[in-house]
Amino acid sequence: MTDTPASPTPPVHVNAASVRHFRYYDLLMAAFVAILLLSNIIGASKPSYVVLPDGSEWAFGAGVLFFPISYIIGDVLTEVYGYARARRVIWTGFAALAFMAFMAWAVVSLPPADGWPGQAAYEFVFGNSWRIVLASMTAFWVGEFANSYVLARMKLWTRGRFLWMRTIGSTVVGQGLDSLIFYPLAFYGLVGWPPEQLYQVVLSQWLIKTLWEAALTPVTYVVVGALKRREGVDVFDEGTDFTPFAAKV
30 MTDTPASPTP
40 PVHVNAASVR
50 HFRYYDLLMA
60 AFVAILLLSN
70 IIGASKPSYV
80 VLPDGSEWAF
90 GAGVLFFPIS
100 YIIGDVLTEV
110 YGYARARRVI
120 WTGFAALAFM
130 AFMAWAVVSL
140 PPADGWPGQA
150 AYEFVFGNSW
160 RIVLASMTAF
170 WVGEFANSYV
180 LARMKLWTRG
190 RFLWMRTIGS
200 TVVGQGLDSL
210 IFYPLAFYGL
220 VGWPPEQLYQ
230 VVLSQWLIKT
240 LWEAALTPVT
250 YVVVGALKRR
260 EGVDVFDEGT
270 DFTPFAAKV
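For the sequence shown, my numbering assigns the number 30 to the initial residue and increments by one for each residue that follows.
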């Protein structure tokens with residue numbers, strides 16, 4: 030299967046892109062952070078299941094239904110705007126996760142008003158242990174940076190061709206690390222998370238996230254092509270400092 034660059038616009042060096050003002054970059058950042066926070070608040074700690082043809086149940090984390098969208102947005106950011114600007118978005122998401130964890134702790138810790146019946150439920154939903162918070166932030170940080178790095182490197186290796194290969198390949202690495210880090214670090218040894226279920230959830234998370242990426246590849250092509258045309262840029266990360274802690278955009 031062959032592919033051509035998603036945009037007819039000439040490649041722009043990442044340093045040249047850093048002085049540009051982009052119309053859609055901030056919107057993508059906002060969407061990325063919103064999906065990241067909602068996925069962690071609503072779905073991260075709830076295991077669900079599907080019934081297999083043989084009648085057995087296969088467990089998966091409920092957050093997997095929506096969290097992969099953040100990875101797809103991350104792919105779009107890296108492909109269109111380059112690794113350096115994607116790095117800025119990843120750190121923004123990391124800071125948002127940290128504030129969310131602090132806010133949840135502070136609100137749950139406040140004494141409830143007399144007669145309010147929701148404290149127990151509130152603690153159950155929002156009172157995640159620091160173990161879960163640490164696991165979530167670590168998995169996100171490692172997975173997102175791995176995803177962005179692999180995609181940017183593959184774009185150089187393929188000279189901008191085979192977008193489908195880059196998005197799926199980077200997801201296999203990034204989402205694999207995310208799942209492998211988060212669930213064992215957060216839930217290993219806890220009641221309700223036997224090792225066999227934990228193993229199933231890690232594998233199913235990895236598989237479902239990768240299948241999500243593959244299924245939405247046509248959408249990714251459309252979005253990437255439209256953004257490159259409208260922004261007038263197609264960044265290749267030649268000479269980019271891929272250190273996660275580099276400050277330069």
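Ideal placement from N, C-alpha and C gives every residue a C-beta, glycine not left out.
What you are looking at is a predicted structure, and each value in this text was computed from that prediction instead of being measured.
Pairwise C-alpha distance: residue j and residue i
i	j	result
aspartate 263	valine 201	24 Å
serine 77	asparagine 176	26 Å
arginine 52	glycine 172	27 Å
serine 208	glutamine 234	6 Å
threonine 196	valine 253	11 Å
tyrosine 178	leucine 245	20 Å
alanine 150	proline 82	35 Å
leucine 67	serine 199	23 Å
alanine 243	valine 93	15 Å
glutamate 225	serine 85	13 Å
phenylalanine 271	tryptophan 186	15 Å
glutamate 152	aspartate 55	33 Å
valine 162	glycine 156	10 Å
threonine 249	alanine 91	23 Å
valine 137	lysine 184	45 Å
glycine 205	alanine 133	28 Å
glutamate 260	histidine 50	9 Å
valine 220	proline 146	26 Å
leucine 280	alanine 135	Any question about residue 280 goes unanswered here, given that the chain covers just 30 to 278.
proline 273	tryptophan 170	9 Å
tryptophan 193	valine 154	37 Å
isoleucine 210	valine 62	20 Å
alanine 60	alanine 275	24 Å
glycine 189	tryptophan 222	43 Å
alanine 168	leucine 240	19 Å
Cross-strand partners of residue i (DSSP beta bridge)
i	result
tyrosine 78	Ala88
Own chain partners of residue i with C-beta closer than 7 Å, once the 5 adjacent residues on each side are dropped
i	result
methionine 282	Coverage of the chain is limited to positions 30 through 278, which leaves residue 282 absent and any answer about it impossible.
asparagine 44	Residue placement at asparagine 44 is poorly supported in this model, since its pLDDT is 45, which falls under 50; the coordinates still yield a value, given next. Excluding residues within five positions, none has a Cβ falling inside 7 Å.
methionine 58	Val118, Thr121
arginine 160	Ala215
Other residues of its chain near residue i: CB distance less than 8 Å, five sequence neighbours each side excluded
i	result
leucine 227	Tyr212, Pro213, Phe216, Tyr217
isoleucine 64	Phe95, Phe96, Ile98, Ser99, Ile102
valine 79	Glu86, Trp87, Phe89
methionine 129	Leu66, Asn69, Ile70
glutamine 229	Trp87, Ala88, Phe89
threonine 269	Val43, Gly111, Tyr112, Ala113, Ala181
valine 105	Leu57, Thr249, Val252, Val253, Leu256
valine 231	Ser208, Leu209, Tyr212, Pro213
Own chain, CB closer than 6 Å to residue i, minus 5 neighbours either side, in chain order
i	result
proline 141	Gln148
glutamate 108	Val253
glycine 203	Gly172, Ala175, Asn176
aspartate 143	none
alanine 164	Phe211, Leu214, Ala215
Could you pull out every unbroken beta strand (DSSP E) segment of at least 3 residues lying fully inside the region 83-107, listed in chain order?
-> 86-90
Would you say the region 102-114 touches the region 252-272, given that touching needs at least three Cβ pairs under 8 Å?
-> yes
Of all the alpha helix (DSSP H) runs that stay within the bounds of the region 111-188, which reach a length of 4 or more residues?
-> 112-138, 148-155, 159-187
Can you give, in chain order, each stretch of the alpha helix (DSSP H) that sits fully within the region 200-262 and has at least 4 residues?
-> 224-244, 246-260
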